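Colleague: Sending over a structure as structure tokens; questions will come in a sec.
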Amino acid sequence: MEQLSKEYFDQWMTRITEHQEQMMGELRQLKAQSPDTDGDSMIDDADFCQILNISARTSQRYRTEGLIPYSVLRQRVYYKESDVWAFIRKNRKDKGGQLSEKLDQMKRPSWK
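Letter 19 of the sequence shown, counting from 1, is numbered 40 in my numbering, and no numbers are missing.
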């Protein structure tokens, strides 16, 4: 097994730190563009589709028709958690509590 030199390791750590700082700056920018987030966590489009058991095309149609507000960061779509819950309550057709169970198991993003 090859050992990493301290210089090589430091270079990689610097790159990782710069990338994290860039991402945090973009998240701050997103929050500034959407001041109504009020500390609400964000859900990405893939999780939104999984929660509702819909395709990406269906979620695109919801956005196009203005059925749910969204934000875009780095070409990825995000929804406020409260908007997702409001959308679900408004359009809910729960059979046997399956949707409720799925929502309880939903993994929330670790960043805010």
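C-beta atoms are modelled at their ideal positions from N, C-alpha and C, and glycine is treated no differently.
For clarity, every value in this text was computed on a predicted model and none was experimentally measured.
I'd like to confirm the pairing. Which residues does DSSP put opposite Ile75 in its beta bridges?
Modeller: For Ile75, which the question treats as bridged, DSSP gives no partner whatsoever.
Colleague: Helix or strand or just coil, what does DSSP make of Leu94?
Modeller: DSSP places Leu94 in strand when its eight states are reduced to three.
Colleague: Please confirm whether Ser92 and Asp61 have their CB atoms less than 8 Å apart.
Modeller: With contacts defined by Cβ atoms closer than 8 Å, Ser92 and Asp61 do not form a contacting pair.
Colleague: Leaving out five residues on either side along the sequence, give the residues of the same chain with a beta carbon under 7 Å from the beta carbon of Trp132.
Modeller: Below a pLDDT of 50, predicted positions are generally treated as unreliable, and Trp132, at 47, falls in that range; the measurement from the model is reported next regardless. Leaving aside the five residues that flank Trp132 on each side, the residues in its chain whose CB is nearer than 7 Å to its CB run, in chain order, Leu48.
Colleague: Since Asp66 and Ser80 are thought to touch, with beta carbons under 8 Å apart, how far apart are those beta carbons, to the nearest angstrom?
Modeller: 6 Å
Colleague: What are the residues that DSSP puts in a beta bridge with Ile64?
Modeller: Tyr100
Colleague: Residues in the same chain with beta-carbon distance under 7 Å from Ser76, minus the five sequence neighbours each way, listed in chain order, please.
Modeller: Cys70
Colleague: In this structure, how does DSSP classify Leu48 when only helix, strand and coil are distinguished?
Modeller: helix
Colleague: Indicate whether Met63 and Tyr100 have their beta-carbon atoms separated by less than 8 Å.
Modeller: yes
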